[in-house]
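For reference, the structure is listed below as structure tokens.
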Ligand SMILES: Cc1cc2nc3c(=O)[nH]c(=O)nc-3n(C[C@H](O)[C@H](O)[C@H](O)COP(=O)(O)OP(=O)(O)OC[C@H]3O[C@@H](n4cnc5c(N)ncnc54)[C@H](O)[C@@H]3O)c2cc1C
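Residue numbers (this note's numbering): 39 to 638.
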């Protein structure tokens, strides 16, 4: 810093300190756009100290920007992500790589990042009444939201795993979609809520083949139509889900909303405390029918074309997920069609929920990927004490540890997508999906918030500022842990699978046994008992299961040194929950960072 001299008045000194980067290397804007800058010796070009000392008014135009990274945009989110490419290949979708690279380039443009920002800055608005007091119950979204919806629907994120007749598309449809979803979630997540629910809803609608036959051709299209009109008149439709009530979201059996049969339809009276994406064309809703909790198809319009009785009460003021509207709704005698048997509501809708849980894991892994890429990118340009952050030993320890976490997360979630591809024909894959879906959701969604915070810190103050992507990712992250079954509920679900499904329990045992040589000792295998102690320890068990499964998945996708480091730092001992404290060997750190974001 400039030292004070007798000739330098104190208030002028403050200006000099602020605007004179005396201790910083200087780099030209031209060099800042090259792939990796070199640091020219400090030229003192911007030092105005002498002028100030001569007591002239400090002239301060917008100066050259020094030592900042260029924006991380206009990227190819597929080709710049080696772990993703390898996971796609290992799980059977390698032939899709050119199309995935097209998708990655489309979603990596500056325009897409700008749409994401606009959709979140201009949050949806609820219009309950029109000016004359008639009910409207509509939510208006910013055009940017609709653009994002159009891009996701166009890319098949809402339906590419289904045929137009509502059957499962052939493998590797799940893996190919998962890769696209992972890339889209890196850019904007709020709009993916209706996308996720739409694609998942067909699994529940399978309980009513006649209804499925009518709905699926409207879902499995590349058309997004945001108009508020009956679904059967539209070229494409979206679907939402209503389960959570004021008195309980986990315990849906406590639902008090009622469904009264009348001819070939039901009338729903009650409420939902959370109903996201309320402009979806129809919802799968749980309600108490005479035969017990039942799943219903509740459209926004009745068959006669009149607006159905869904009264949107208000929109939630949420921590994140702001481009997406989440409403509270009352059903004032709403028209509904039954899906599945009376009393089979949970069994019916759980088919949908399994798929939405996969998307939670995918999205959170995507958030982590974007946070990592931003951090690595920034550190490659930013210098502190005459040296790029990227080359500073402690920063490399942090970045490589973050990269290792993403390696595990993406390997696991893409392996899980493959299980969904094959579950219908392979009982082993079905057991994998049953056990690993809640475990992966638990582990990845729990990891994301602290991970993003650490990545944010790599960008210093820039990371904390709203215009950067990091604050939005950080606010977004907790929701995936909460909805579609919160953390503890996921753990209970794993325990249930281990107790009830011998194939799932055997699979866990096998996984632990295979990992033993890697860990250097026999892996402890959890013996699930139906007692309080099992539940109290369930987070440890499920964390272990998820990391075991991630290590196994990594064996198929990553170089041995990466897998070994993952096992050593995440399985052989408790991960410090503090990135950069694992002692990752220098060569492996380099491998991890080049895989995370290859230097061009
Ligand atoms: C932004 C947002 C959008 C949403 N959109 C929708 C939507 O569109 N449709 C919809 O139906 N719902 C939606 N939800 C609701 C969401 O699914 C529920 O909030 C969630 O399922 C948890 O239910 P709850 O809030 O009633 O919490 P509770 O059920 O009260 O659970 C509170 C906590 O207790 C834990 N817990 C529960 N049981 C046990 C147990 N036996 N042992 C130990 N711990 C336990 C849970 O893990 C959780 O952490 C949305 C939520 C959010 C935040």
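All C-beta atoms, glycine included, are put in the ideal place defined by N, C-alpha and C.
Small disclaimer: the values here were computed from a predicted structure and weren't measured.
| Query | Result |
| --- | --- |
| Sequence-distant residues of the same chain with beta carbon closer than 6 Å to residue 61, five excluded per side | Residue placement at residue 61 is poorly supported in this model, since its pLDDT is 39, which falls under 50; the coordinates still yield a value, given next. Result list for residue 61: empty, nothing under 6 Å. |
| Nearest neighbour of residue 402, chosen from 382, 168, 370, 486 [CA to CA] | 486 |
| Assigned secondary structure, residue 250 (DSSP; H/G/I helix, E/B strand, else coil) | helix |
| Selection from 199, 183, 536 that minimises the alpha carbon distance to residue 363 | 183 |
| Nonlocal neighbours in the same chain, by C-beta distance under 7 Å from residue 491, ignoring five residues either side | 512 |
| Residues near residue 147 in its chain [Cβ-Cβ closer than 8 Å; skip 5 each side] | 111, 112 |
| Cβ-heavy atom distance, residue 484 to ligand 1, below 7 Å | no |
| Other residues of its chain near residue 268: CB distance less than 7 Å, five sequence neighbours each side excluded | 339, 343 |
| Per-residue burial, residue 462 [other beta carbons within 10 Å of its own, 16 or more giving buried] | exposed |
| For residue 283, the residue or residues it bridges with in DSSP | 286 |
| Reference residue 353; option with closest CA among 347, 266, 366 | 366 |
| C-alpha gap between residue 104 and residue 257, whole angstroms | 50 Å |
| Residue 557, DSSP secondary structure in three states | helix |
| Alpha-carbon spacing of residue 282 relative to residue 540, whole angstroms | 31 Å |
| Coil, strand or helix - residue 99 by DSSP | coil |
| Rounded straight-line distance, which links the Cα of residue 377 to that of residue 290 | 17 Å |
| Nearest-angstrom Cα separation, counted from residue 322 out to residue 271 | 20 Å |
| Run of the alpha helix (DSSP H) containing residue 312, from where it starts to where it stops | Per DSSP, residue 312 belongs to no alpha helix (DSSP H); it is in the beta strand (DSSP E), 303 to 314. |
| Residue 212 burial status per 10 Å Cβ neighbour count (16 or more: buried) | buried |
| Three-pair Cβ contact test at 8 Å for the segment 417 to 436 versus the segment 548 to 558 | no |
| Residue 630 beta carbon less than 8 Å from that of residue 514 | no |
| For residue 235 and residue 475, believed in contact at Cβ under 8 Å, the rounded distance | Not a contact, Cβ separation roughly 16 Å. |
| Given 8 Å, three or more beta-carbon pairs between the segment 455 to 472 and the segment 577 to 585 | no |
| Strand pairing of residue 333, partner residues [DSSP] | 324, 377 |
| Residues sharing a beta bridge with residue 296, DSSP | 307, 326 |
| Residue 52 burial status per 10 Å Cβ neighbour count (16 or more: buried) | Its pLDDT being 38, under 50, residue 52 is placed unreliably in this model, and the value from its coordinates should be taken loosely. With fewer than 16 Cβ atoms within 10 Å of its Cβ, residue 52 is classed as exposed. |
| The beta strand (DSSP E) enclosing residue 392, as first and last residue numbers | No beta strand (DSSP E) holds residue 392; the alpha helix (DSSP H) holding it covers 383 to 419. |
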